Each structure stands twice: as structure tokens, then as C-alpha cells.
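Colleague:
Residue numbers (UniProt numbering): 1 to 258.
(1) My output table needs one value for residue 147: the three-state DSSP class, helix, strand or coil.
(2) Alpha carbon to alpha carbon, how far is residue 114 from residue 35? Give it in angstroms, no decimals.
(3) What does DSSP give as the partner residues of residue 115 in its beta bridges?
(4) Less than 8 Å between the C-beta atoms of residue 135 and residue 120, yes or no?
(5) For residue 250, name the three-state secondary structure that DSSP assigns.
(6) Which complete alpha helix (DSSP H) runs does the region 27–66 hold, if anything under 4 residues is left out?
(7) Would residue 65 and residue 76 qualify as a contact pair, given that the criterion is a beta-carbon distance under 8 Å?
(8) May I have the straight-line CA-CA distance separating residue 14 from residue 131, to the nearest angstrom?
(9) Nearest-angstrom Cα distance between residue 46 and residue 83?
(10) Helix, strand or coil, according to DSSP, for residue 134 in the structure here?
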């Protein structure tokens with residue numbers, strides 16, 4: 001089951017490359033020649049981040065039920081349920097940002113450089129959906145993480161599960177704190193307060209760095225550090241090898257005829 005959560009991690013890895021491209025593209029002198037590629041990358045940044053939001057919410061909810069409601073955890077998080085939720089996650093992310101793949105970017109010259117000025121058609125609905133989703137996820141995640149940490153410290157202290165669960169929660173907490181920065185940016189953008197003060201201006205100018213860190217942390221935690229993921233991924237291979245070697249080693253019994 002847990003290996004299915006590698007799917008959001010895979011999208012985060014794509015998101016890392018997308019953010020890197022956008023950072024490089026902003027320094028290009030003739031970006032208009034790559035308009036289609038840049039437009040696709042900007043749209044993919046929305047898709048990958050939205051997939052990240054819903055995927056991380058599901059991962060946090062998974063840890064929440066595992067720690068706070070272990071008896072019903074396996075019933076809730078069956079393989080079919082997880083796959084269905086992740087398919088819905090990806091489907092919603094693509095559907096929300098689908099118009100961004102079709103609306104062309106508009107460029108303007110600043111000295112010798114050609115910069116992206118916006119889109120030919122404004123998309124306020126997508127911005128509102130993204131902003132409200134980020135704010136809702138950030139608030140709900142803080143509540144769940146606080147509850148998880150409380151139960152872990154109180155119930156599972158000094159156990160192997162305590163260390164395993166706490167390790168996952170640490171990454172979720174860091175992701176949550178970085179998400180708060182994005183919440184502030186989305187709120188400021190939604191209320192047209194990007195340049196209202198020094199804090200909003202700094203966050204707005206560093207939002208790509210924040211997005212890069214958010215997706216890097218999530219990809220790293222899910223793909224590399226999740227022991228349960230590795231165990232589940234290796235288990236089928238180990239089982240097949242065990243059956244293969246046991247069948248080879250099994251003695252041949254000859255029944256005598258009388």
C-alpha cells in the first residue's frame with residue numbers, strides 16, 4: 001500500500017525539474033522562442049504542485065489514522081482505495097490546470113531581455129482554487145501533525161514504531177512549515193497584497209525557491225527515506241526468490257510400487 005504513495009513523490013521529482021527550468025528561463029534573453037515549452041512548464045508547475053498538495057494531505061491522513069486509529073487503518077487504506085484516491089488526485093490536478101496548457105504566454109522586452117509578462121487570457125479561477133487549496137491544506141495539516149506528535153510521544157515513546165513514525169512526521173512538519181510560506185504568498189496574491197510590505201515582497205520574490213524545497217523534501221522523504229515503502233517494494237521479489245529456491249531444494253520423493 002505505501003509504495004502507491006511514491007506516485008506523488010514521482011510528480012514531485014518532475015516538479016523539481018520544472019521549477020529548475022522556470023528559474024533558468026527567467027534569466028534567458030530570448031525566452032519567446034521557447035514559448036510552447038515554457039508554457040508547458042508553467043502549467044506543469046501547477047499540476048505537480050497541486051498533486052503534491054493532495055498527495056501530502058493523503059500521506060498525512062494515512063499517518064494520522066495509523067497512529068490515532070490503528071484498528072481501522074488497514075480497512076480504510078486498502079490498495080484499491082489508495083490507487084483510486086491517487087488517480088483522482090492526478091485527474092483533479094490536470095483538470096484544474098488544463099487551460100494553462102492552451103493559453104499562450106505574453107512577453108515584454110526589458111532592455112535586451114524578453115521576459116514573461118503574463119498570459120494572453122487571465123485565469124483568476126485557477127489562482128483562487130490554488131490559493132484556497134493551499135491555505136486549507138496548510139491549516140488542516142498543522143492540526144493533524146500536532147495530533148500525531150501528541151499521540152506518538154504519549155503512546156509510542158521508546159519503541160521502534162516511535163522512531164519510524166516520528167521520522168516521517170518530521171518531514172511532514174518541515175513540509176508543513178514551508179507550506180505556511182506558500183500559504184502567505186497565495187493569500188497575499190489572492191488579496192493583491194504582494195508588495196504591501198517587506199515580508200510579502202520577500203516571499204513573492206522567493207516563492208520558486210520555497211516551491212523547490214517543498215517538492216524536494218517530499219520527494220526525498222517518500223522515495224528514499226520511507227522504510228515501509230522499501231520493505232513493501234522488496235517483499236514481492238523476496239517472496240518469489242524464496243519460492244524459487246525452495247522448489248529447487250525440495251527433495252524428490254519416489255513412491256515404491258508393490
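Backbone N, C-alpha and C fix where the C-beta goes; we use that ideal spot for every residue, glycine too. Given the structure is predicted, the values throughout are model-derived calculations rather than measurements.
Modeller: Here's the rundown:
(1) Helix at residue 147.
(2) Answer to the nearest angstrom: the Cα atoms are 11 Å apart.
(3) The beta-bridge partner set that DSSP reports for residue 115 consists of 108.
(4) The Cβ atoms of residue 135 and residue 120 do not sit closer than 8 Å to each other.
(5) Its pLDDT being 49, under 50, residue 250 is placed unreliably by the model, and nothing is read from it.
(6) Correct list: empty.
(7) Yes.
(8) The C-alpha of residue 14 lies about 21 Å from the C-alpha of residue 131.
(9) Each residue's alpha carbon lies about 22 Å from the other.
(10) Secondary structure of residue 134 (DSSP, three-state): helix.
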